[in-house]
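A quick write-up on the structure given underneath.
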Amino acid sequence: MALCQPLCFALSLHFQLGVVKKQAKQNGHSNPLPLAPSTPTSADPAAVSRTAPTSTAAAADPAVSPPLASPPSASASASASASLPPLAVFRLSPPSRPPHFPTSTAAAPIHHPAASIHHSCARSAFAPPPSPRKPLAFSNGGLRLTPSPPLVDRDRADRSRMEVCAARAPGKIILAGEHAVVHGSAAVAAAIDLYTCCSLRLMPLADNEAGAAMVELDLKDPGLAFSWPCRRLREVLLTEEAAGAREARPCSPDRLASITRLLEEHEIPEAKIWLSAGLSAFLFLYTSILGCRPGKVTVSSDLPMGSGLGSSAAFCVSMSGVLLTAAGVVTAVGGISGEGMGWELVGKDDLELVNRWAFQGEKIIHGKPSGIDNAVSTFGSMIKFKKGELTNLKSSNPVKMLITDTRVGRNTKALVAGVSERASRHSDAMASVFKAVNSISEEVSSIVELAANDEIAITSKEEKLAELMEMNQGLLQCMGVSHSSIETVLRTTLKFNLVSKLTGAGGGGCVLTLIPTMLSNLVLEKVIAELESHSFRCFKVEVGGQGLQVCQGGFSCFNGDVV
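Mapping of the sequence shown onto UniProt numbering: position 331 corresponds to residue 331, and the numbering continues sequentially without gaps.
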């Protein structure tokens, strides 16, 4: 398409030349166009001269243009030229960038050594260098194309040499069994379609050699950015290259102390001091997997932090996924949903490796995590967890929930300790509570796998699930982990005959409300409006979706931007 307009213009000129040649022949001129070798120099597309350009390469190829006759003498040329109309003798000097050539190649597919995906929303920001131009030349009335040096956007070319990839991991909810799982009962957890996304851009190695290389972390949601010179990381962590990404290793106390010293060099706002654990996990994962290779990681999330939806696990899983993908250890196995974002699934063995690395990051953040959150975020779908054993559950029908974030912070460790203290004071009664919770979790895991092929079966399945959620909430109240904000959500949804339960540690945080298939959107919007009138925040989610996904083409999900 880029050559269509200049070709049409050239063919029009060729037609006019033919008419003039015929007129000249009738007047007795055998060669109306005197030819002399010349090199186009004018940048004006309308430039006129009395010579026609020749191309050595084109003239030598009979398939492009027949050999040119020897130039006539100067006197003959002058005589012939003098009798011709002005239009008959001229030369088109091709401009270095014709004004009618498109200057953007944004619609072209992206071809990059590290890219296997064409990401439509990022093309304008990450287009390849412009293709070589082919200026026009005339020879003895014939048209031929001669190549000119390519016009290269050096900034884009430099960016195309950068290695870019992205990964995203979902949050999670606990359908049944929170707190009781610590005391040996089963729990059921599920992935939700709210994601944390990490995008990585590895800088050219030349930057590292120049001594200006940095490892950068951009946290979009709190609006904070951090950077560490690679030279400083090597000095403190004593690592030049990754020790081996194929084997997840725990963070030793000495290494964690070194990372803490690095963080102390940053002035983290007092209100954001809770970020320190996450930053420590980032530095550990980055330097353990990629060494001190310069790069920038950008993180964005749909998940509210500290609300029981597994935001820290989603952070560790997506971070591990993107770093291992950049290291060439994790690869995609195929595309998924028609979102057009280029997300691909990861094989089971690679997911196992990501899960092990993410668990090491979770240990830095939480100390002694159960492993449920990172497992659900990695593998997706639903799982049953009991005494350290994971069982994958396959949901035959989509389950939709309304998640209400009360925006009330809570201390998970204090809540867990409180349940343990109550169990020690009332051992028999609490043992019965934990046993009942175990039965609920087992039944929930059976119900979600039941196939329901019609509206009656689906409604029956949802009613059973709602009853179990209601019973589980009552038992959580017996454990002493409810909160006034949670009770407000329960009362509000009950007005519309909907069942809710807390999810996670309780004491605030988030509350689940089952959305029946037959519930109208009008009623649901009324529920949301009333909940939001209490300054709560609501999310409509689908339960049991995909786990970790990667994008190896180098495009992130941050509004189509390449980072």
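Backbone N, C-alpha and C define an ideal beta-carbon position, used for all residues, glycine too.
Exercise. Are the beta-carbon atoms belonging to Gln-549 and Arg-168 less than 8 Å from one another?
Worked result: Here residue 549 refers to the residue found at position 549 when the sequence shown is read from its first residue. Here residue 168 refers to the residue found at position 168 when the sequence shown is read from its first residue. Yes, the Cβ-Cβ distance between Gln-549 and Arg-168 is below 8 Å.
For this session: Pick helix, strand or coil for Glu-265, following the three-state DSSP scheme.
Result: Within the sequence shown, the letter at position 265 stands for residue 265. Coil.
For this session: Could you tell me which of Val-399, Ile-259, Gly-347 sits nearest to Ala-191, measuring between CA atoms?
Result: Here residue 191 refers to the residue found at position 191 of the sequence shown. When only C-alpha atoms are compared, the closest one is Val-399.
For this session: Between the Cα of Leu-175 and those of Ser-520, Thr-492, Val-448, Arg-491, spot the shortest distance and give me the residue it belongs to.
Result: In the sequence shown, counting from the first residue as 1, residue 175 sits at position 175. Leu-175 has its Cα closest to that of Val-448, out of Ser-520, Thr-492, Val-448, Arg-491.
Problem set entry | Distance CB(Ala-166)-CB(Ile-372) smaller than 8 Å | For the purposes of this step, residue 166 is identified with residue 166 of the sequence shown, where counting begins at 1. For the purposes of this step, residue 372 is identified with residue 372 of the sequence shown, where counting begins at 1. It is not a contact, given that the beta carbons lie outside the stated cut-off.
Exercise. So the alpha helix (DSSP H) Asp-350 belongs to, where does it begin and stop?
Worked result: By one-based count along the sequence shown, residue 350 stands at place 350. Looking at the DSSP string, the run of the alpha helix (DSSP H) that includes Asp-350 is 348 to 366.
For this session: Would you decide whether Ile-456 is buried or exposed? Buried here means 16 or more other CB atoms lie within 10 Å of its CB.
Result: The count along the sequence shown starts at 1 and reaches residue 456 at position 456. Exposed, because fewer than 16 other Cβ atoms sit within 10 Å of the Cβ of Ile-456.
Problem set entry | Check: Thr-298 C-beta below 7 Å from any heavy atom of the ligand SAH | The model depicted lacks the ligand SAH and carries no ligand whatsoever.
For this session: Could you spell out where the beta strand (DSSP E) holding Arg-537 opens and where it closes?
Result: Looking up residue 537 in the sequence shown gives position 537. Unbroken beta strand (DSSP E) run through Arg-537: 537 to 543.
For this session: Apply the 10 Å Cβ neighbour rule to Pro-304 and answer buried if 16 or more other Cβ atoms are within range, or exposed otherwise.
Result: If you number the sequence shown from 1, residue 304 lands on position 304. Per the 10 Å Cβ criterion, buried.
Problem set entry | Element boundaries [beta strand (DSSP E), containing Ala-405] | Start at 1 with the first residue of the sequence shown, and residue 405 comes out as number 405. The sequence given here has Asp at residue 405, not Ala. Segment 399 to 405, the beta strand (DSSP E) holding Asp-405.
Exercise. With C-beta atoms as the reference, is Ile-365 less than 8 Å away from Gly-310?
Worked result: Stepping through the sequence shown from its first residue, residue 365 is reached at position 365. Stepping through the sequence shown from its first residue, residue 310 is reached at position 310. Their beta carbons are not under 8 Å apart, which means Ile-365 does not touch Gly-310 by this criterion.
Exercise. Just curious, the beta strand (DSSP E) that Ile-192 is in, first and last residue?
Worked result: The count along the sequence shown starts at 1 and reaches residue 192 at position 192. Its beta strand (DSSP E) spans residues 187 to 202.
Exercise. Between Gln-477, Thr-406, Val-376, which lies nearest to Val-419 when the distance is taken from Cα to Cα?
Worked result: The residue you call residue 419 lines up with position 419 of the sequence shown. Per the Cα distances, Gln-477.
For this session: State the start and end residues of the unbroken alpha helix (DSSP H) segment that holds Met-471.
Result: As a first step, residue 471 must be located in the sequence shown, where it is residue number 471. Run containing Met-471: 455 to 479, per the alpha helix (DSSP H) assignment.
Exercise. Can you give the beta carbon distance from Ser-485 to Val-408, rounded, assuming they're within the 8 Å contact cut?
Worked result: Against the sequence shown, residue 485 aligns to sequence position 485. Against the sequence shown, residue 408 aligns to sequence position 408. Contact flag correct, Cβ pair sits at about 5 Å.
Exercise. Taking DSSP as the reference, what is the three-state secondary structure of Ile-289?
Worked result: Counted from its first residue, the sequence shown places residue 289 at position 289. Residue state, collapsed to three classes: helix.
For this session: Could you tell me whether the segment 381 to 398 touches the segment 530 to 549, using the rule of 3 or more Cβ pairs below 8 Å?
Result: yes
Exercise. Where do the ends of the alpha helix (DSSP H) carrying Thr-412 lie?
Worked result: In the sequence shown, the residue the question calls residue 412 occupies position 412. Note, Thr-412: alpha helix (DSSP H), 412 to 425.
Problem set entry | Cut-off 6 Å between Cβ atoms - residues of its own chain near Ser-441, not counting five sequence neighbours on either side | The residue you call residue 441 lines up with position 441 of the sequence shown. Correct list, in chain order: Ala-176, Gly-177, Ala-186, Ala-187, Val-188.
Exercise. In angstroms, rounded to a whole number, what distance separates the CA positions of Leu-475 and Leu-494?
Worked result: Position 475 of the sequence shown holds residue 475. Position 494 of the sequence shown holds residue 494. Distance between the alpha carbons of Leu-475 and Leu-494: 18 Å.
Problem set entry | Beta-carbon proximity of residue 618 to Cys-510, cut-off 8 Å | There is no way to answer for residue 618, as the model of the chain reaches only from 1 to 563.
Exercise. Are the CB atoms of Arg-293 and Leu-217 nearer to each other than 8 Å?
Worked result: For the purposes of this step, residue 293 is taken as residue 293 along the sequence shown, with counting starting at 1. For the purposes of this step, residue 217 is taken as residue 217 along the sequence shown, with counting starting at 1. In this structure, Leu-217 does not lie closer than 8 Å to Arg-293 by Cβ.
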